[in-house]
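Just so you know, we're using our numbering here: the first sequence kicks off at 1 and counts up by one. Since the structure comes first, as structure tokens, the remarks are kept for the end.
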Amino acid sequence: MRNSERTKVKHLLESGVAGTDVTAMGWVRTKRGNKSVSFIALNDGSTINNIQVVLDMNVFTEDQLKDITTGACIGVRGKLVESPGSGQRVEIQGSYIELFGAADATTYPLQKKGHSMEFLREIAHLRPRTNTFGAVLRMRHAMAFAIHKYFNERGFFYIHTPIITSSDAEGAGAMFRVTTLDVDNLPRTEEGQINWAEDFFGKEASLTVSGQLEGELAAMALSEIYTFGPTFRAENSNTPRHLAEFWMIEPEMAFYDIQDNMDLAEDFLKYLIRYALENCKDDLEFLNSMYDKELIDRLKFVVENKFERLPYTKAIEILEKVDQKWEFPVFWGADLQSEHERYLVEKHFKKPVILTDYPKDIKAFYMKQNDDGKTVRAMDVLFPKIGEIIGGSQREEIYDKLISRIHELHIPEKDVWWYLETRKFGSAPHSGFGLGFERLLLFVTGMGNIRDVIPFPRTPKNCEF
RNA sequence: UCCUCAUUAGCUCAGUUGGUUAGAGCACCUGACUGUUAAUCAGGGGGUCCUAGGUUCAAGUCCUAGAUGAGGAGCCA
Numbered sequence: 001m002r003n004s005e006r007t008k009v010k011h012l013l014e015s016g017v018a019g020t021d022v023t024a025m026g027w028v029r030t031k032r033g034n035k036s037v038s039f040i041a042l043n044d045g046s047t048i049n050n051i052q053v054v055l056d057m058n059v060f061t062e063d064q065l066k067d068i069t070t071g072a073c074i075g076v077r078g079k080l081v082e083s084p085g086s087g088q089r090v091e092i093q094g095s096y097i098e099l100f101g102a103a104d105a106t107t108y109p110l111q112k113k114g115h116s117m118e119f120l121r122e123i124a125h126l127r128p129r130t131n132t133f134g135a136v137l138r139m140r141h142a143m144a145f146a147i148h149k150y151f152n153e154r155g156f157f158y159i160h161t162p163i164i165t166s167s168d169a170e171g172a173g174a175m176f177r178v179t180t181l182d183v184d185n186l187p188r189t190e191e192g193q194i195n196w197a198e199d200f201f202g203k204e205a206s207l208t209v210s211g212q213l214e215g216e217l218a219a220m221a222l223s224e225i226y227t228f229g230p231t232f233r234a235e236n237s238n239t240p241r242h243l244a245e246f247w248m249i250e251p252e253m254a255f256y257d258i259q260d261n262m263d264l265a266e267d268f269l270k271y272l273i274r275y276a277l278e279n280c281k282d283d284l285e286f287l288n289s290m291y292d293k294e295l296i297d298r299l300k301f302v303v304e305n306k307f308e309r310l311p312y313t314k315a316i317e318i319l320e321k322v323d324q325k326w327e328f329p330v331f332w333g334a335d336l337q338s339e340h341e342r343y344l345v346e347k348h349f350k351k352p353v354i355l356t357d358y359p360k361d362i363k364a365f366y367m368k369q370n371d372d373g374k375t376v377r378a379m380d381v382l383f384p385k386i387g388e389i390i391g392g393s394q395r396e397e398i399y400d401k402l403i404s405r406i407h408e409l410h411i412p413e414k415d416v417w418w419y420l421e422t423r424k425f426g427s428a429p430h431s432g433f434g435l436g437f438e439r440l441l442l443f444v445t446g447m448g449n450i451r452d453v454i455p456f457p458r459t460p461k462n463c464e465f
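Now the structure itself:
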């Protein structure tokens with residue numbers, strides 16, 4: 001039995017013609033029946049739906065079917081027929097079965113019944129075989145594809161920024177060190193310091209926390225670019241919204257000001273959500289019915305309504321007027337805590353909010369300074385349930401302003417000389433932002449924990465599989 | 001990293017004021033059933049009560065420390 005004769009389950013269910021001979025291959029979800037007839041629910045991952053295989057026990061013996069248990073992998077030849085039962089349009093009247101791989105019923109961990117997300121994380125090697133993770137992984141693919149499609153259709157170029165870097169100029173968080181030194185016998189300088197000159201790159205190196213700075217270099221030549229790659233943060237974050245290894249999309253656009261940047265971010269997010277609604281119907285309906293009854297309505301709401309845009313200063317004014325005890329005080333200059341962001345998004349505006357023009361002291365050095373001398377052209381897109389899904393800004397393109405900010409923050413000039421040169425030679429106003437891919441997936445799938453929208457989550461104390 | 005909670009059968013959980021042989025549902029195994037839809041019905045097997053100390057005549061239950069997991073906070077995408 002070969003793949004060349006196989007038809008995918010999705011195709012059989014949607015457009016298979018009754019009366020034709022077909023071959024299906026996949027993994028057994030359940031088997032049930034009696035002495036005269038057996039039913040197998042078969043899934044090959046092409047869709048969340050199973051094809052029902054019906055076996056006449058006058059044709060098959062009990063012994064032939066004893067290894068066809070939940071989790072086993074089989075191939076089936078038979079005739080596609082209209083199903084007399086409710087629940088499926090067509091089914092396969094099986095005439096021949098090949099067992100590719102049995103799954104011992106007493107030790108196979110996945111059952112027909114639901115499992116907790118915590119348990120499934122412990123068997124991440126098998127959880128793609130569940131309905132939930134099948135749905136999540138198909139949607140993860142659909143979103144990745146839609147991201148490339150969106151940018152490609154708009155003339156953005158996909159840039160591969162380095163994974164290994166020697167600069168922490170981004171300041172986006174603690175970094176994972178990359179070294180080939182023998183940690184049991186580190187080379188020392190005469191002063192007793194670790195001698196990084198002997199390391200692989202001849203200097204300290206780490207995994208990237210952002211491709212933005214390199215992305216800007218490309219935007220200063222190709223106008224509109226984006227990156228889409230893995231990102232690493234060694235923060236000891238234990239929350240349902242953080243991963244040590246996650247994927248990030250970072251567009252960077254020459255000639256865009258902060259307004260253009262916001263327009264792009266809003267259009268981009270709506271495009272992706274609309275893409276999910278139009279292309280992931282079955283999976284969304286499953287997730288909607290099993291985990292989050294308001295999921296589809298929430299996605300439609302975001303697509304159909306304009307995001308609220310307001311400057312940080314206005315947000316502070318709103319929060320100061322609210323008659324509510326904050327755990328963290330609200331005053332101009334304070335960074336907004338999640339309780340404040342949640343209030344704005346979930347209670348006050350009841351829709352996505354883009355906050356702009358934050359105090360410069362709570363934002364990164366590269367952000368475009370406003371004329372008031374106090375604020376920078378930052379923008380954070382805040383989503384219900386997720387919080388910050390996008391962080392971005394217009395970048396400071398004026399050399400003198402950028403260098404003075406670098407000095408203020410004591411960033412070593414030698415680490416960012418190449419970045420500064422873009423402001424020396426043909427500088428241009430430009431903007432960009434970072435979208436957390438898994439945070440997008442949290443929103444689009446309605447899952448509650450970011451560890452359940454990535455195949456193999458890396459978090460503090462967890463690097464299994 | 002801080003705060004809170006949890007850890008008992010393969011899974012999800014119950015277990016009273018500390019008291020005799022630790023239970024249920026599902027899963028699994030056996031049997032019944034001529035079309036099932038998380039099939040149903042009957043029976044059966046299955047336990048390092050997270051780990052290490054401690055209190056006590058007696059600990060799944062109380063105390064201490066640790067491990068792991070979850071929720072909230074911080075950091076951020």
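Yeah, the Cβ is synthetic: ideal placement off N, Cα and C, and Gly gets one too.
Asked                                                                                                      : Found
Straight-line Cα distance separating K385 from S338                                                        : 10 Å
Bridge partner(s) assigned by DSSP for G250                                                                : It should be noted that the sequence gives Glu, not Gly, for residue 250. According to DSSP, E250 bridges with T227.
Opening and closing residue of the alpha helix (DSSP H) in which N43 lies                                  : No alpha helix (DSSP H) holds N43; the beta strand (DSSP E) holding it covers 37 to 43.
Cβ-heavy atom distance, I51 to the ligand GTP, below 7 Å                                                   : Summarising the ligand content, the structure contains no ligands, and the ligand GTP is consequently not present.
Cβ-Cβ separation, P240 to I450 (assumed contact under 8 Å), whole Å                                        : 6 Å
T227, buried or exposed, once every other Cβ within 10 Å from all chains shown has been counted against 16 : buried
8 Å contact criterion, which E250 and G211 should meet: CB distance rounded                                : 5 Å
Beta-ladder partner(s) of V59, from DSSP                                                                   : According to DSSP, V59 bridges with nothing at all.
Sufficient close CB pairs (3 or more, under 8 Å) joining the segment 349 to 368 to the segment 388 to 399  : yes
The beta strand (DSSP E) enclosing T173, as first and last residue numbers                                 : Per the sequence shown, the amino acid found at residue 173 is Gly instead of Thr. Element bounds for G173: n/a, residue is neither H nor E.
Inter-residue spacing [alpha-carbon to alpha-carbon] between N279 and A142                                 : 8 Å
When Y150, S4, V444 are compared against F301, the one with the closest alpha-carbon                       : V444
Selection from M248, R298, F246 that minimises the alpha carbon distance to K270                           : R298
Extent of the continuous beta strand (DSSP E) to which V376 belongs                                        : 375 to 383
Three-pair Cβ contact test at 8 Å for the segment 23 to 43 versus the segment 51 to 67                     : yes
Reduced DSSP secondary structure (H/G/I, E/B, other) of N261                                               : helix
For I398, the nearest candidate out of W417, R423, I406, H407 (CA to CA)                                   : R423
C-alpha gap between V17 and S83, whole angstroms                                                           : 12 Å
Segment contact flag, the segment 156 to 163 with the segment 255 to 268, C-beta cutoff 8 Å, min 3 pairs   : no
Closest Cα partner of D292 within the set S166, T132, I51                                                  : T132
Span separating the alpha-carbon of G373 from that of L402                                                 : 13 Å
Buried or exposed (CB count within 10 angstroms, at least 16 for buried), Y358                             : buried
N-terminal and C-terminal residue of the alpha helix (DSSP H) that H537 is part of                         : Coverage of the chain is limited to positions 1 through 465, which leaves residue 537 absent and any answer about it impossible.
Nearest neighbour of S431, chosen from E191, R188, G215 [CA to CA]                                         : G215
Helix, strand or coil at P467 [DSSP, three-state]                                                          : A question about residue 467 goes unanswered here, because the residues of the chain that appear run from 1 up to 465.
Endpoints, beta strand (DSSP E) assigned at I92                                                            : 90 to 101
Whole-angstrom C-beta distance between D452 and V22, which should lie under 8 Å                            : About 34 Å separates the two Cβ atoms, so there is no contact after all.
Distance between beta carbons of P460 and N236, contact taken as under 8 Å                                 : 5 Å
Beta-ladder partner(s) of K31, from DSSP                                                                   : I40
Proximity to V183 [Cα-Cα], best of A102, F268, C73, I194                                                   : I194
Status (buried if at least 16 other CB within 10 Å, exposed otherwise) for G436                            : buried
Buried versus exposed call for S167 [16 or more other C-beta atoms within 10 Å across all chains shown]    : buried
Residues near E438 by beta carbon distance below 7 Å, same chain, minus five either side                   : L243, F246, W247, I450, V453, I454
For V76, the three-state DSSP class (helix, strand or coil)                                                : strand
Between the CA atoms of D380 and V345 - distance to the nearest angstrom                                   : 12 Å
Identified DSSP bridge partners for F157                                                                   : I225
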